[in-house]
Amino acid sequence: MKHLTTIICILATSMIYGQSSRVEFETDAPSGEERFQLDLRNNSNGNASASVFRMFAGTDANMVESGIRNFPNSYDAVTGYGGYMTLSNATKGIIFRADQGNSDMRFLLGGFPIQDHQKMILTSVGNLGVGANDPAARVQIKGGDVYLEDVGSGVIMKSPDGSCWRLTVTDLGDPDFEKLMNCPGIVPAKSADQ
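Take 0 as the starting number for the sequence shown in numbering that gives the first Met the number 0 and just add one per residue.
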């Protein structure tokens, strides 16, 4: 009965609009409660329980399904999902968009304050900072190493003449530059007899 009362109170203090295939909820939050919150709660502790918010667009072969899924710690229907929230899309993928030109995207682990728990940031100019709160280069890493484990891979750089070179390291720790046939993303031209 508690949940039904909560729903009735929410609806009684909210305006629900339906216009141009859009449904909106609007409310004047009580004094001191300056947020609007929608809770989806599943109290099951089963190993396959979850709270799921799914969205569908289109029909048949044109239909796209996306969702937000929340899994309790006890969830083991899929290995590694327990205790995690997932964003999912059943077709092309996920776009993260911030519409303001000076927006950035921040990734926090551990809560607040931001300056203590921000682990990564993608700035409005496209600079990526890992451990650096205000990256000054396209990629800036602070407080850690960059580890390239695969000996066959390295850092690829383009020289002024358009050639691409891969920098790796020998067993003696010496740098080794290898000229590549093609730069990454360039499909080799076919010869006349192919």
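Using N, Cα and C, we set each Cβ at its ideal position, and we do this for glycine too.
Supposed contact pair residue j and residue i - C-beta distance, whole angstroms, cut 8 Å
| i | j | result |
| --- | --- | --- |
| leucine 121 | aspartate 133 | That pair is no contact at about 12 Å. |
| proline 71 | glycine 81 | 7 Å |
Residue closest to residue i, alpha-carbon to alpha-carbon, out of the options
| i | options | result |
| --- | --- | --- |
| methionine 84 | Ser152, Ser48 and Asp115 | Ser48 |
| phenylalanine 52 | Asn42, Phe106 and Asn69 | Asn69 |
| phenylalanine 35 | Glu23, Ser43 and Asn61 | Glu23 |
| glycine 151 | Val124, Asn126, Asn88 and Thr169 | Thr169 |
| lysine 118 | Ala131, Leu37 and Asn41 | Ala131 |
Other residues of its chain near residue i: CB distance less than 6 Å, five sequence neighbours each side excluded
| i | result |
| --- | --- |
| tryptophan 164 | Met156, Phe176 and Lys178 |
| glycine 128 | Ile120, Pro134 and Gln139 |
| isoleucine 9 | Below a pLDDT of 50, predicted positions are generally treated as unreliable, and isoleucine 9, at 49, falls in that range; the measurement from the model is reported next regardless. The answer is none, since no qualifying residue turns up. |
| isoleucine 113 | none |
| asparagine 101 | Ser123 |
Residue range of the beta strand (DSSP E) that includes residue i
| i | result |
| --- | --- |
| aspartate 170 | From DSSP, aspartate 170 is part of no beta strand (DSSP E); its letter is neither H nor E. |
| arginine 68 | 63 to 69 |
| leucine 85 | Inspection of the sequence shows that residue 85 is occupied by threonine rather than by leucine. That run of the beta strand (DSSP E) goes 84 to 88. |
| lysine 157 | 154 to 157 |
| isoleucine 52 | Just to set this straight, residue 52 is phenylalanine in the shown sequence, not isoleucine. Segment 50 to 56, the beta strand (DSSP E) holding phenylalanine 52. |
| glycine 161 | Segment: none, glycine 161 is in no beta strand (DSSP E) and carries neither H nor E. |
Own chain partners of residue i with C-beta closer than 7 Å, once the 5 adjacent residues on each side are dropped
| i | result |
| --- | --- |
| glycine 147 | Just to set this straight, residue 147 is leucine in the shown sequence, not glycine. Result list for leucine 147: Gly153, in chain order. |
| threonine 90 | Val63 |
| serine 158 | Trp164 |
Identity of the residues DSSP links to residue i by a beta bridge
| i | result |
| --- | --- |
| threonine 122 | Threonine 122 pairs with nothing; no bridge assigned. |
| arginine 105 | Ile120 |
The alpha helix (DSSP H) enclosing residue i, as first and last residue numbers
| i | result |
| --- | --- |
| glutamine 114 | 113 to 116 |
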